[in-house]
Amino acid sequence: MGSIEPYPPCFQPIGELTKTTFDELTLNTYFVGTVVFVKLLTLPIRGIPLVLAGEDEHGTMRRLQFYNQSLFEDPNILFPEGRIIAIKEPFYKSSPHDYEYIRVDHPSNIMILRQTADIIPASMRLDIEDSIISAAEWKSGGNEAVLAEDYLEAINCYSQALLAIRSPEEESLRAVILRNRAQMFIDLGFYDDAKVDALASLKIQPGYNKTLYRAARACYELDQYEECQEYLQQLLNVDPTEPKGLKDMSRVQTRLREQETGKYDFKHMTEQVVSRTRGLDHANFTRRVAVKDSEKHGRGLFTTEAVKAGDLLLVEKAFGTVTDEAGKQQSNTSDPLPCQNAVLLSELVQKAYRTPSLLGPLLHLYAGPTPNGDTKEDIVDGRPVFDTFRLADVINYNVFGFDYMSSDNAPGRYSRKKSYPKYKSATGVWLTASYTNHSCSYNAMRAFIGNIMIVRATRDLAAGEEVTMTYVGTDDPVLARRNSLRDTWGFDCYCALCKLEMKSLGPFERKRAELLGRIKYVSFEDPVEVTDEGILRIRNMAHQIENLYDKNIFVPGQPRVELSKVLVDIASMNAIRGNITEVKLYSRKAMEYLGFKIEVDDNDRMTVDRTNSITKTHCITACIHMASTYDSKAVMLQAIRLAKQFYKICYGEDDTFTEKYQHETPDGALEFLDKLSAEDSGS
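Going by UniProt numbering, the first residue of the sequence shown is number 1, and it counts up by one from there.
Here it is as structure tokens:
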């Protein structure tokens, strides 16, 4: 939003405000209780902010800067040259670049007016012929606006047509006008309004197929899938062969299955994300979690039933996302993140403004210890009013950074082919996932396929247990993690891992950090590039780090997270050289130092104790290396299956596992992997 002192939106109807003009405004003042009428003189310049020029009723011109307008749609749809608007409680600002402008941060402070509205000053109002007064003629004007693709003007005309209906004989015309206006609302993303109009039309003309379809469309966009299915079924009862109805019935039934069962076609999702520029279209699966008060921090996410390691906890479509490219396009610095968050704010504000039924859950997310504004919301002059500065705080505390395909980051020599090269990363807000509290000893991990977040349990969880994820990198030293948590979210972590590592602060901890830094300098992303001499140096430093853990604190079974990745890398370097003894030693020790207790009994049955475990992506590589060291094929296959389970936990799905690791798994494992895929599909 730029550097500005937050100010509230106007909660007064336009009829209660005092008319003012540009000449009556004084600089750097927010004019409470007033309204200025403006005619737009130029085409808008898209960006943050949206820039226009306008004149008041006396012909005085001013620069206009509208914030929190969408960057991804044509601004001429809302603000074409010549349109009359009302700006409630205008904020007249001076710029550091020596110009003055009218600034608007709250979309509800802008009213787009019908050119003939009586409230517009006479000098600006458009005169119309006396003959254009009937409902039918207003409807005709709306249809002409549709052909001209001026959908807002069409809505205004249809609204006037409804007001012009005065006799019961015109009720059938009312149904048509409501149906037409519903389509305009759908086209502009006002789905609540579209649903209201469609249902009102159906009360007059029940069973009309176009109206049923528009009601279904609005419900679908609002994620109201059961109601959508009802209207589609009514449509198909009228016309069983209606093509759109049949197609959308299949689509909504898929959404209902996803919502109820958590069964998704993840393979299809990964294929779709490569080709789609818009977000993926899927239902949310949330029945295994619920928001409750937490002993840790305010509210949290809790399981509603017992789940096993690897089980789905949550699949959620983002409320809104923007790519890093969007931030770069708006930034004039090397750091696009502030602009990326500004773009995200604009998109979330517009979505909430157009569909107010979605506003409450977003507005009530955590907004920090001292948030700007409040959660007050209302409908004034037919549009929702809420504080956009509050939403800016919500984003700051709830935004997730993500890659469009988490599995593109899978570790391994042959697993770095990028599936989605168009965008490197993005940010977004997920309403349910935002309630998940932090723990460095987390019990769940998130992954992303496009705008879909997938959360799985890292270990068995009982019903009623709080779900936690990490906000920071657990490979970092404990003090670095704590500083990051304090600086960004304003709290300390007191999880089991932090308590353990805080006990070991001192010269040993500093020496471990120094050695880890030296190892990073010697090692490379690809273990092939490390020389034999380099391996020896890394191994010796790893042994030094190992001896710097206080044995009275780090008893067997306790994690040594920062060392585990180094040990997996050593195993990888030795695997390339065929040093099986070293691979066996370091891969198993890596899992041990992540808190896993993996045992094989006399019947070749593998068991995994995850009580103190910290799941990391390098668990996949460690288990693949372990598999190559077992003499028993049965045990080897169990190790591969464990690697596949870790892949599913870390990356949300396992359909792409075989493709990424087929060259790294032991001989004979591929057939078994295919069998596993058939067994585990959709789970």
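Glycine included, each C-beta is placed from N, C-alpha and C at the ideal position.
Computed from a predicted model, the values in this text were never measured in an experiment.
Among THR286, ALA542, LEU188, GLN229, the one whose alpha carbon lies nearest that of GLU562: The sequence position of residue 562 within the sequence shown is 562, counting from 1. Per the Cα distances, ALA542.
Leaving out five residues on either side along the sequence, give the residues of the same chain with a beta carbon under 7 angstroms from the beta carbon of GLY464. Indexing the sequence shown from 1 puts residue 464 at position 464. Cβ within range, chain order: PHE302, THR303.
Alpha carbon to alpha carbon, what distance is there between LEU27 and GLY368? The residue given as residue 368 occupies position 368 in the sequence shown. The residue given as residue 27 occupies position 27 in the sequence shown. Straight-line Cα distance between these residues: approximately 31 angstroms.
Three or more C-beta pairs closer than 8 angstroms, one from the stretch 495 to 515 and one from the stretch 466 to 478: is that the case here? yes
Do you know how far the Cα of ASN552 is from the Cα of HIS282? Locating residue 282 in the sequence shown gives position 282, counting from the first residue. Locating residue 552 in the sequence shown gives position 552, counting from the first residue. Taking the straight line joining both Cα atoms gives about 50 angstroms.
On a Cα-Cα basis, can you pick out the residue from VAL455, SER250, SER140 that is closest to ASP311? Position 311 of the sequence shown, counting from 1, holds the residue named residue 311. Nearest of VAL455, SER250, SER140 to ASP311, Cα basis: VAL455.
With H, G and I counted as helix, E and B as strand and the rest as coil, what does DSSP make of HIS106? The sequence position of residue 106 within the sequence shown is 106, counting from 1. In the structure shown, HIS106 sits in coil (DSSP, three-state: anything other than H, G, I, E or B).
Inspect the beta-carbon positions of ASN437 and GLY300 and report whether they are closer than 7 angstroms. Stepping through the sequence shown from its first residue, residue 437 is reached at position 437. Stepping through the sequence shown from its first residue, residue 300 is reached at position 300. In this structure, GLY300 lies closer than 7 angstroms to ASN437 by Cβ.
Suppose the cutoff is 8 angstroms on Cβ atoms and the five residues either side in sequence are ignored; what does the same chain contact list for ASP130 look like? Here residue 130 refers to the residue found at position 130 of the sequence shown. With a pLDDT of 46 at ASP130, under the threshold of 50, the modelled position of that residue is not reliable, and no figure is offered here.
Just to confirm the assignment, what range does the beta strand (DSSP E) spanning THR321 have? Position 321 of the sequence shown, counted from the start, is the residue given in the question as residue 321. Residues 320 to 323.
Going by alpha carbons, who is nearest to LYS292 out of ASP655, VAL467, ALA496, ARG46? Position 292 of the sequence shown, counted from the first residue, corresponds to residue 292. Among ASP655, VAL467, ALA496, ARG46, the Cα nearest to that of LYS292 belongs to VAL467.
Give me the Cα-Cα distance between PHE91 and VAL104, rounded to the nearest whole angstrom. The residue labelled residue 91 in the question sits at position 91 within the sequence shown. The residue labelled residue 104 in the question sits at position 104 within the sequence shown. Computed Cα separation, rounded: 7 angstroms.
Reducing DSSP to helix, strand and coil, say where SER683 ends up. Position 683 of the sequence shown, counted from the start, is the residue given in the question as residue 683. Low confidence applies to SER683: its pLDDT is 49, below 50, so where it sits in the model is not reliable, and the reading given next is rough at best. Coil at SER683, not helix or strand.
Take CYS70 as the anchor and find which of LYS351, ILE452, PHE491 has the nearest alpha-carbon. Numbered from its first residue, the sequence shown carries residue 70 at position 70. It is Ser, not Cys, that sits at residue 70 in the sequence shown. It is LYS351.
Classify TYR494 as buried or exposed, calling it buried when 16 or more other Cβ atoms lie within 10 Å of its own Cβ. Sequence index remark: in the sequence shown, residue 494 carries index 494 (1-based). Flag for TYR494 reads exposed.
Roughly how many angstroms separate the alpha carbons of SER334 and ASP324, rounded to a whole number? As a first step, residue 334 must be located in the sequence shown, where it is residue number 334. As a first step, residue 324 must be located in the sequence shown, where it is residue number 324. Low confidence applies here, because SER334 scores a pLDDT of 49, under 50, leaving its location unreliable and the question unanswered by this model.
Could you tell me the boundaries of the alpha helix (DSSP H) in which ILE640 lies? For this step, residue 640 is matched to residue 640 along the sequence shown. Here the alpha helix (DSSP H) through ILE640 covers 633 to 651.
Distance, Cα to Cα, GLN340 vs THR427? To locate residue 340, count along the sequence shown from 1; it is residue 340. To locate residue 427, count along the sequence shown from 1; it is residue 427. The alpha-carbon atoms of GLN340 and THR427 are separated by roughly 8 angstroms.
For GLU295, does the three-state DSSP call read helix, strand or coil? As a working note, residue 295 is residue 295 in the sequence shown. The answer is coil: DSSP assigns GLU295 none of H, G, I, E or B.
DSSP three-state label for TYR208, please. Mapped onto the sequence shown, residue 208 falls at position 208. TYR208: coil per DSSP, three-state reduction.
Would you mind listing the beta strand (DSSP E) stretches within the UniProt repeat "TPR" (209 to 242) that are 3+ residues and don't spill past its ends, in chain order? none
Helix, strand or coil, according to DSSP, for MET124 in the structure here? Counted from its first residue, the sequence shown places residue 124 at position 124. If DSSP states are grouped into helix, strand and coil, MET124 belongs with coil.
Residues near TYR593 in its chain [Cβ-Cβ closer than 7 angstroms; skip 5 each side]: If you number the sequence shown from 1, residue 593 lands on position 593. Excluding sequence neighbours, TYR593 sits near PRO559, ARG560, LEU563, SER564, LEU567.
Residue environment, TYR521, which counts as buried when at least 16 other CB atoms sit within 10 Å: Counting from one through the sequence shown, the residue named residue 521 turns up at place 521. Counting Cβ neighbours within 10 Å, TYR521 comes out exposed, since fewer than 16 surround it.
What first and last residue would you give for the alpha helix (DSSP H) that runs through TYR521? One-based indexing of the sequence shown puts residue 521 at position 521. Run containing TYR521: 507 to 522, per the alpha helix (DSSP H) assignment.
Assign ALA634 to one of two classes, buried (16 or more other C-beta atoms within 10 Å of its C-beta) or exposed (fewer than that). Here residue 634 is taken as the residue at index 634 of the sequence shown, counted from 1. ALA634 is exposed by the Cβ-count criterion.
Whole-angstrom C-beta distance between ALA145 and ARG153, which should lie under 8 angstroms: Along the sequence shown, read from residue 1 onward, the residue named residue 153 stands at position 153. Along the sequence shown, read from residue 1 onward, the residue named residue 145 stands at position 145. The amino acid at residue 153 is misidentified as Arg; the sequence shows Glu. That belief holds up - the Cβ atoms of GLU153 and ALA145 are roughly 4 angstroms apart, short of 8 angstroms.
For ALA164, which residues in the same chain have their Cβ closer than 7 angstroms to its Cβ, ignoring the five residues on either side in sequence? Taking the first residue of the sequence shown as position 1, residue 164 is located at position 164. Counting only Cβ-Cβ distances below 7 angstroms, and skipping sequence neighbours, we find ILE133, SER134, ALA135, TRP138.
Determine the burial state of residue 686: buried for a count of at least 16 other Cβ atoms within 10 Å of its Cβ, exposed for fewer. Any answer about residue 686 is impossible in this case: the structure gives the chain only from 1 up to 683.
Between ALA462, SER439, ALA447, which lies nearest to LEU485 when the distance is taken from Cα to Cα? Working through the sequence shown from its first residue, we reach residue 485 at position 485. Per the Cα distances, SER439.
Give the range of the alpha helix (DSSP H) segment to which ARG174 is assigned. Within the sequence shown, residue 174 is the residue found at index 174, counting from 1. ARG174 -> alpha helix (DSSP H) spans 171 to 188.
Using three-state DSSP, classify ALA480 as helix, strand or coil. Taking the sequence shown and counting its residues from 1, the one referred to as residue 480 is at position 480. In the structure shown, ALA480 sits in a helix (DSSP, three-state: H, G or I).
Do TYR264 and GLU258 have their C-beta atoms closer together than 7 angstroms? On the sequence shown, residue 264 is found 264 positions in, with the first residue counted as 1. On the sequence shown, residue 258 is found 258 positions in, with the first residue counted as 1. Going by C-beta atoms, TYR264 is nearer than 7 angstroms to GLU258.
Is GLN65 helix, strand or coil when you go by DSSP? What you label residue 65 is simply residue 65 of the sequence shown in a count that begins at 1. Three-state result, GLN65: strand.
Mind checking GLY578: buried by the 16 CB within 10 Å criterion, or exposed? As a first step, residue 578 is located in the sequence shown; it is residue number 578 there, counting from the start. So GLY578 counts as exposed.
CB MET445 to CB THR458, shorter than 7 angstroms? As a first step, residue 445 is located in the sequence shown; it is residue number 445 there, counting from the start. As a first step, residue 458 is located in the sequence shown; it is residue number 458 there, counting from the start. Their beta carbons are under 7 angstroms apart, which means MET445 touches THR458 by this criterion.
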